[in-house]
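This report refers to the structure that appears directly beneath it.
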Amino acid sequence: MPSLLFCGPKLAACGIVISIWGVIMLGMLGIFFSAKSAVLIEDVPFTEDDIHKDQNPPQNIYSLYNQVGINCFIAAAIYVAVGAVSLCQVRLNKRQEYMVT
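When the letters of the sequence shown are read in order and numbered with our numbering, they come out as residues 471 to 571.
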């Protein structure tokens, strides 16, 4: 039977730590972008045309804030999946320690 084990215990533990950090960081960024934080205006991808040629410029910028916030939440969900895979690898590594071959 093929093993699902593809990384060692230290790499799996590192994956868990990085995943926890990524979920916290990107989750907070997603919240702040959804709240339209003025500090993050430099990270919103808008052009001069979005400001000057639009009938309602703030609404267009707000929709860009929301889109970036959604992207942050999607990336945080990907980090959750990577953390789950890393947790499975830790458990498989612990199980392999007790197996006699």
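In this text, a Cβ means the ideal position worked out from N, Cα and C, and glycines have one as well.
Cβ-Cβ separation, residue j to residue i (assumed contact under 8 Å), whole Å
i: residue 546; j: residue 496; result: 4 Å
Of the listed residues the options, nearest to residue i (C-alpha basis)
i: residue 535; options: 525, 549 and 516; result: 516
i: residue 531; options: 543, 481 and 514; result: 514
i: residue 491; options: 548, 520 and 522; result: 548
contact_flag[the stretch 492 to 503, the stretch 531 to 540] where n(CB pairs < 8 Å) is 3 or more: Put simply, the stretch 492 to 503 touches the stretch 531 to 540. At least three CB pairs are less than 8 Å apart.
What ranges does the alpha helix (DSSP H) occupy inside the stretch 478 to 531, keeping only unbroken runs of at least 4 residues that lie completely in it? Within the stretch 478 to 531, the complete alpha helix (DSSP H) runs of at least 4 residues are 479 to 504 and 518 to 522.
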